[in-house]
Amino acid sequence: MFNLILFGPPGSGKGTQSEKLIIKYGLKHLSTGDLLRSEIAQQTALGIEAKKIMDKGQLVPDEVVIGMISSALDDNPMAKGFLFDGFPRTAAQAEALDKLLELKKTGIKVMLALEVTEEELVRRLLKRGETSDRSDDTNENVIRERIAVYHSKTSAVAHYYAKFNKVVMVKGEGSVDEIFSRLSIEIDSRM
Ligand code: B4P
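Read in order, the letters of the sequence shown correspond to residues 138 to 328 in the working numbering.
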């Protein structure tokens, strides 16, 4: 199995690049943001609670997202590999993911971390907020809070995988195709 984490701050292009990478490499895409938005759209109890948290730019509790990922792994026993997008976002999520993968006798091959300046992140997300129905993209204060949460909680995930020499930094600015090609080079060299 080839399991990959696409990492980076909100707006760094994880969702955008994931869509292209899963087609090229035949991986199963697991985005906790998408899974949560699907719960919101279906107005489940989990979705209603998650929306309140996401609209403030905060992280949904670890146990909720770990449970979602655990079910998604069980639901896809034939996958040739997983692309994790937006997960793990805390050190506790990273440890839980390693344990879940260990049970399946597999692990994370590499974490590709997209680097983008804060001003570019804010610009991209506000632009998406003009046309998408994502309420967390319309308010600049919420966007800056998401970036602050990334620095205070999520960057620890990169330190966690760096201990195992699994982190590769990739420049996340330029055209979507340029970034896709940088990511593909890193994946091809490890497949
Ligand atoms: P996510 O859905 O993961 O969304 P995101 O971090 O905002 O980034 P996304 O992947 O959507 O954006 P992308 O960079 O592709 O999280 C949303 C919320 O869900 C979180 O704040 C949190 O509350 C909750 N959540 C999710 N996972 C969680 C977890 N594990 N634990 C706890 N809570 C969790 O793209 C952004 C924009 O940039 C797009 O409009 C795109 O078109 C544009 N863009 C992309 N590449 C570009 C480029 N090269 N040039 C110009 N624009 C570009």
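Glycine included, each C-beta is placed from N, C-alpha and C at the ideal position.
Arg226 and Lys290 have their alpha carbons spaced roughly 7 Å apart. Taking C-alpha positions only, Pro198 is separated from Gly311 by approximately 33 Å. Fewer than three beta-carbon pairs drawn from the segment 244 to 252 and the segment 183 to 203 are found closer than 8 Å, and the two stretches are therefore not classed as touching. The bridge partners DSSP lists for Met306 are Ala250. When DSSP states are grouped into helix, strand and coil, Phe144 belongs to the strand group. Fully enclosed beta strand (DSSP E) runs of no fewer than 3 residues occupy 219 to 222 of the segment 192 to 223, in order along the chain. In the structure shown, Lys300 falls within a coil segment according to DSSP collapsed to helix, strand and coil. Runs of alpha helix (DSSP H) with 4 or more residues, each lying fully within the segment 154 to 189, are found at 169 to 178, listed in chain order. In this structure, Thr181 keeps its C-beta atom at 8 Å or more from the C-beta atom of Ile206. Here the alpha carbons of Ile280 and Ala209 stand approximately 28 Å from one another. Restricting attention to Phe144, Phe317, Ser318 and Phe139, the CA atom closest to the CA of Asp222 is found in Phe144. With distances taken between CA atoms, His166 lies nearest to Asn213 out of Leu238, Asn213, Glu257 and Ser318.
With fewer than 16 other beta carbons inside 10 angstroms of its own, Leu240 counts as exposed. Inclusion of Leu220 and Ile159 in the CB contact set at 8 Å is warranted, their separation being smaller than that value. Shown here, Ser289 sits in a helix according to DSSP, grouped into three states.
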